[in-house]
Amino acid sequence: MLRQVAEGVLVHQSELLQNNTVVVQGRAGVLLVDPGIQGSEMACLANDLRELGRPVVAGFSTHPDWDHVLWHAELGEAPRYGTARCAAHMRDLRSNAGWEARVAEGLPPEIADEIPLDLFGLITGLPAGTTRIPWDGPQVRIIEHPAHAPGHAALLVEERGVLVAGDMLSDVLIPMLDDLNGTNDPIEEYLVGLRLLEGVAGDVDVVVPGHGSVGGADQVRARIELDRAYVHALRDGHAPDDPRLGPSAKPGWEWVGDIHAGQAQSLARRRERDRTPG
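Here is the structure:
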């Protein structure tokens, strides 16, 4: 299941949504980032790690979307970290009666029965301003930013030159903006996130997006620019020239066009609302 992308860094990709789970080898075990979506996949991953003699000693969720906060009992009881905002978001969700049913409604129907929710979202929030994951392994820098979701963070495995980008810098998914109906500025928030990732791009040899293909050093800035161009087009009300949309979309990912259409419509309504007095 595991493919090495750098020394001591391995990736497993789920079949349905091409979610990338990242394994970073430490002294006593591994750091597991965004550990997959189907119970069978996570159990298989746990078995592979046992066979390698590498138990999970820490976990990290890059952000609070459902497919990044899952866990399986076979992975053990290691602390599962996230940013303070990510953990708070999950606590709020789990505190509401019937949260399991609401989460289940948003799952892909073809695999909904295979996604375990018993350990869903049990994230330990790191203190605000924490810049390193507390574990016995390579230095992993936390780059928290406001793009895409509350408490979203990328991780830079500094000694290996690997950027774990969360739900950004994908070759199959366009940028998905947070809360287009709220009072925040999701466009600027996304651009802030891209600027922060751009600030470390010179230290990156491998980029691992939350979904899609792993990219080499030559892809890091190119993907940042592609995401920025898409966000600018949304902001300006233009049709984006983006290979992830239309006829050039990867087969099986044509539905990404529906995400774009929804975002464009939401922003158009927001602009109209902002122009309307009172």
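So in this note's numbering, the last spot in the sequence shown is 282, and the numbers never skip.
Don't be surprised by glycine CBs; every beta carbon is placed ideally from N, CA and C.
Nothing here was measured: the structure is a model prediction, and the numbers come from that model.
Would you tell me roughly how many angstroms separate the C-alpha atoms of G125 and M46, rounded to the nearest one?
-> 15 Å
Using 8 Å as the Cβ pair cut-off and three pairs as the minimum, do the region 138-150 and the region 162-175 touch?
-> yes
For T66 versus A158, is the C-beta distance shorter than 8 Å?
-> yes
Just the Cα atoms here: how many angstroms apart are R62 and G33?
-> As written in the sequence, residue 62 is Ala, which differs from the Arg given in the question. Between A62 and G33, the C-alpha separation is close to 8 Å.
Classify D231 as buried or exposed, calling it buried when 16 or more other Cβ atoms lie within 10 Å of its own Cβ.
-> buried
Taking Cβ to Cβ, would you say G86 is nearer than 8 Å to I127?
-> yes
Tell me the start and end of each unbroken alpha helix (DSSP H) in the region 91-149 that is at least 4 residues and wholly inside, in chain order.
-> 103-109
Taking contact to mean at least 3 C-beta pairs separated by less than 8 Å, is the region 196-205 in contact with the region 49-60?
-> no
H236 by DSSP, collapsed to three states: which one?
-> helix
Quick one: any contact between the region 178-198 and the region 88-108, if contact means 3 or more CB pairs under 8 Å?
-> no
Under the three-state reduction of DSSP, which class applies to Q8: helix, strand or coil?
-> strand
Tell me the start and end of each unbroken beta strand (DSSP E) in the region 192-221 that is at least 3 residues and wholly inside, in chain order.
-> 210-212
Per DSSP, cross-strand counterpart(s) of L36 = V27, G63
How long is the line joining the alpha carbons of D183 and G57, rounded to whole angstroms?
-> 42 Å
Starting from H242 and walking both ways along the beta strand (DSSP E), at which residues does that stretch end?
-> Run containing H242: none; DSSP gives neither H nor E here.
Under a Cβ-count criterion, where at least 16 other Cβ atoms within 10 Å of its own Cβ denotes burial, should Q17 be classed as buried or exposed?
-> buried
Just tell me which of L35, R98, R239 has its CA closest to the CA of D140.
-> L35
When you compare only the Cα positions, how much space is there between E109 and R274?
-> 27 Å
With distances taken from CA atoms, which of R106, N100, G43, P83 is nearest H76?
-> G43
Put L4 into one of helix, strand or coil per three-state DSSP.
-> Since the displayed the chain opens at 5 and closes at 282, residue 4 lies outside it and no answer follows.
Smallest Cα separation from P179: which of G30, P154, L238, A105?
-> L238
Could you please give me the residues that DSSP links to H16 through a beta bridge?
-> T25
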